[in-house]
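Numbering (our numbering), first residue to last: 1 to 151.
Using N, Cα and C, we set each Cβ at its ideal position, and we do this for glycine too.
Just so it is clear, the structure is predicted and the values come from calculations on it, not from any experiment.
Structure, rendered in structure tokens:
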């Protein structure tokens, strides 16, 4: 199991984040909330998502959960941080493949498209699924990493 889970959201995912944070505690999963600390309708997701991505990128034993209205902007922001592979997931199978095939280290969820109960199911799969270490998946991730290093 993962050592630490970092959480971040803007106003669009704030309520989801608060419920997921409690769910992590109830399931004895170590989590750190990097904000938002309160609902602010005009806040900006990069202010909370980039710190999550930086923490995950610097700690290979951690994973991240980022939330917004769609999850798209959040995934884009997180993927700007070297070493991050953030995946937008709308169901359990997407989460499973994100971990198995892409070794995703951050999951992005959209509060406008899934329920809190579904989010918990998706997150559970994401946290429990290991990377497959399949040769083709390693090769593909290495190509992404090499490109990232060249920038």
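*Go through the region 28-93 residue by residue and report every complete run of the beta strand (DSSP E) that reaches 3 residues or more, in order.*
31-33, 62-68, 86-88
*Would you call the region 109-120 and the region 130-141 touching, i.e. three or more CB-CB distances under 8 Å?*
The region 109-120, when compared against the region 130-141, does not touch it at the 8 Å Cβ threshold.
*Three or more beta-carbon pairs under 8 Å between the region 83-100 and the region 33-42, yes or no?*
no
*Would you mind sorting residue 30 into buried or exposed? The rule is 16 or more other CB atoms within 10 Å of its CB.*
So residue 30 counts as exposed.
*State the CB to CB distance for the pair residue 61 and residue 25, rounded to an integer number of angstroms; the pair is presumed to be in contact (CB under 8 Å).*
Contact doesn't hold; Cβ gap of about 19 Å is too wide.
*asked:* Measuring CB atoms only, is the region 135-151 touching the region 113-125, in the sense that at least three cross pairs come out at less than 8 Å?
replied: Because the criterion of three Cβ pairs below 8 Å is not met, the region 135-151 and the region 113-125 do not touch.
*Report the residue from 141, 97, 140, 44 whose alpha carbon sits nearest the alpha carbon of residue 123.*
Of 141, 97, 140, 44, the smallest CA-CA separation from residue 123 is found for 97.
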